[in-house]
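This report concerns only the one structure given below.
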Amino acid sequence: MLKRDRSVKILATLGPASSDVETIKALHIAGADIFRINMSHGDPDKMRAMMAKIREVEADVGRPIGILVDIQGPKLRVGMFADDAVMLDKGATFRLDTVDEPGNGERVRLPHPDIFEGMQVGHTLLLDDGKLRLVCTATDHASFIDTEVVVGGKLSSRKGVSLPDTILTSGALTDKDRRDLQAAVEAEADWIALSFIQRPEDVAEVRKMVRGRSGILSKI
984 MLKRDRSVKI LATLGPASSD VETIKALHIA GADIFRINMS HGDPDKMRAM
1034 MAKIREVEAD VGRPIGILVD IQGPKLRVGM FADDAVMLDK GATFRLDTVD
1084 EPGNGERVRL PHPDIFEGMQ VGHTLLLDDG KLRLVCTATD HASFIDTEVV
1134 VGGKLSSRKG VSLPDTILTS GALTDKDRRD LQAAVEAEAD WIALSFIQRP
1184 EDVAEVRKMV RGRSGILSKI
């Protein structure tokens, strides 16, 4: 079979229910051009095993199949609540701080010093995959961030934090990311996808590691 002649490509994420050779082949025949391996839920050994299955299908169908390894990036999360969850109402005030105690309806620990360093008044904080939106009203850049709740809702322990306005000094790669990236390049992944890209320097670091052996895709 020949290479598909179309500009738009269909990307399919592989998971526990779609990790066998037969399913991968069926997905490709149905139209998937590129398969995504999510390193948030895997390690280099699992990645290599998945890539071997994709290459087996590629050899069987006789046309190229793309492999995209999606690097996890930093995981930013709030701390624990005393009752596991609280309700934040629109217009309420809520503090994120460094106090190592269970949170309540007024405050919760945020165990990421670089967020405090980069936070400015007016910056937005998105919690729980964007379900809740807070805006910074005051901060000392070290121990607290006071916010106003713009979009409220239920906030549970360990929910994620996204920062569309704040530049983090720690960069986009963790130690796990660097290990996963090196393994992906050595396994000859076609593309490397980068999460939480904020600065040109984030891509430059990855480019030095990849050295042209894989394409680089920035998720912004």
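So for the sequence shown, my numbering puts the first residue at 984; every next one is plus one. Heads up, the beta-carbon is just placed ideally off N, CA and C, and yes, glycines get one too.
**Prompt:** In whole angstroms, what is the alpha-carbon distance linking Lys1008 and Met1034?
**Reply:** Residue mapping note: residue 1008 aligns to position 25 of the sequence shown, counting from 1. Residue mapping note: residue 1034 aligns to position 51 of the sequence shown, counting from 1. Answer to the nearest angstrom: the Cα atoms are 13 Å apart.
**Message:** Just to confirm the assignment, what range does the alpha helix (DSSP H) spanning Phe1099 have?
**Reply:** Counted from its first residue, the sequence shown places residue 1099 at position 116. Segment Pro1096 to Gly1101, the alpha helix (DSSP H) holding Phe1099.
**Prompt:** Hey, Lys1073 and Asp1111: beta-carbon distance below 9 Å or not?
**Reply:** On the sequence shown, position 90 is the one that residue 1073 refers to. On the sequence shown, position 128 is the one that residue 1111 refers to. No, these two residues do not count as a Cβ contact at 9 Å.
**Item:** Spatial neighbours of Asp1158 in its chain, beta-carbon cut-off 6 Å, leaving aside the 5 residues before and after
**Value:** Taking the first residue of the sequence shown as position 1, residue 1158 is located at position 175. So the list is empty, once near-sequence residues are dropped.
**Asked** Under three-state DSSP, which class holds Gly1195?
**Response** Position 212 of the sequence shown, counting from 1, holds the residue named residue 1195. Coil.
**Supposed contact pair Ser1126 and Asp1080 - C-beta distance, whole angstroms, cut 8 Å** = On the sequence shown, position 97 is the one that residue 1080 refers to. On the sequence shown, position 143 is the one that residue 1126 refers to. Confirmed, about 6 Å.
**Request:** Report the option in Arg1092, Leu997, Phe1099 and Glu1005 whose CA atom is closest to the CA atom of Asp1043.
**Result:** Residue 1043 sits at position 60 when you count from the first residue of the sequence shown. Ranking the options by Cα distance to Asp1043, first place goes to Glu1005.
**Prompt:** Considering only residues of the stretch 1000 to 1083, which uninterrupted beta strand (DSSP E) runs meet the minimum length of 3 residues and lie entirely inside it, listed in chain order?
**Reply:** 1017 to 1021, 1049 to 1053, 1068 to 1071 and 1076 to 1080
**Item:** Asp1129 (DSSP reduced to helix, strand or coil)
**Value:** If you number the sequence shown from 1, residue 1129 lands on position 146. DSSP places Asp1129 in strand when its eight states are reduced to three.
**Asked** Where Ala1187 and Val1134 are concerned, what is the direct C-alpha to C-alpha distance, given to the nearest angstrom?
**Response** Translated into the one-based positions of the sequence shown, residue 1187 becomes position 204. Translated into the one-based positions of the sequence shown, residue 1134 becomes position 151. For Ala1187 and Val1134, the distance between alpha carbons rounds to 35 Å.
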